[in-house]
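Peer 1:
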Amino acid sequence: MPNHNDANQIVRRFKNLVEQTKDVNKSYIQLADRYLTLKRPLFGKDFYKDIDQYQELIYFCLVIQDKYFLDKWGNPGHHKNRANLAESVNTYIKYFNSIRQNQNVPPKVREYLSYLVERILRPSVLK
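Those letters in the sequence shown? Residues 1480 to 1606, by this note's numbering.
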């Protein structure tokens, strides 16, 4: 039967693991940011490459469970390292909305797609 000291040791280990996870998350964000900075310009090559870039941003967001990458890199033309989109904004919105409507899309991906659509449509409203 575990005693009080065992429980305290488990709690300490858990707290340590949480701190290590925060460090890994911070390192991941720094590494992904560096990768995206080196990859510039992210958009404007062609429609399908742009879509691949957006999918990659959503993947990064899924890993960290935060919209950070969509906020920082998701709106072409509003960052010094980005170019304009290869097609009209409406073409991208229509594409993302069609994916969002697919019932097989996981809820979190659907959430990020919705946020991305808002981010593209209204860059000054979102930060």
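Beta carbons are placed, not taken as given, at the ideal position from N, Cα and C, and that holds for glycine.
How is the alpha helix (DSSP H) around Asn1576 delimited, first residue to last?
Peer 2: Val1568 to Arg1579 is the extent of the alpha helix (DSSP H) around Asn1576.
Peer 1: Pull up the distance between the alpha-carbon of Ile1489 and that of Leu1496, whole angstroms please.
Peer 2: Roughly 10 Å between the two C-alpha positions.
Peer 1: By the 10 Å Cβ neighbour count, where 16 or more other Cβ atoms means buried, how is Arg1491 classified, buried or exposed?
Peer 2: Result: exposed.
Peer 1: Taking contact to mean at least 3 C-beta pairs separated by less than 8 Å, is the stretch 1571-1579 in contact with the stretch 1587-1603?
Peer 2: These segments touch.
Peer 1: Which value, in whole angstroms, describes the spacing of the CA atoms of Ala1565 and Ile1572?
Peer 2: Whole-angstrom Cα-Cα distance: 13 Å.
Peer 1: In whole angstroms, give me the CA-to-CA distance for Thr1500 and Ala1486.
Peer 2: Roughly 21 Å between the two C-alpha positions.
Peer 1: Measuring CA to CA, which of Ala1511, Tyr1594 and Lys1494 is closest to Asn1554?
Peer 2: Answer by Cα proximity: Tyr1594.
Peer 1: Pick out whichever of Leu1536, Val1584, Leu1515 and Gln1544 has its Cα sitting closest to the Cα of Arg1598.
Peer 2: Cα-wise, what sits closest to Arg1598 is Leu1536.
Peer 1: State the DSSP-derived secondary structure class of Val1490, mapped to helix, strand or coil.
Peer 2: It is helical.
Peer 1: Please list, in chain order, all residues of the same chain as Asp1525 whose beta carbon is under 7 Å from its beta carbon, the five residues on each side excluded.
Peer 2: Ala1565.
Peer 1: Whole angstroms is fine: what's the gap from Asp1529's alpha carbon to Leu1549's?
Peer 2: Cα-Cα distance, rounded: 13 Å.
Peer 1: Enumerate in chain order the residues of its own chain whose CB-to-CB distance from Asn1583 is below 7 Å, with the five nearest sequence positions on each side excluded.
Peer 2: Nothing listed; no residue qualifies.
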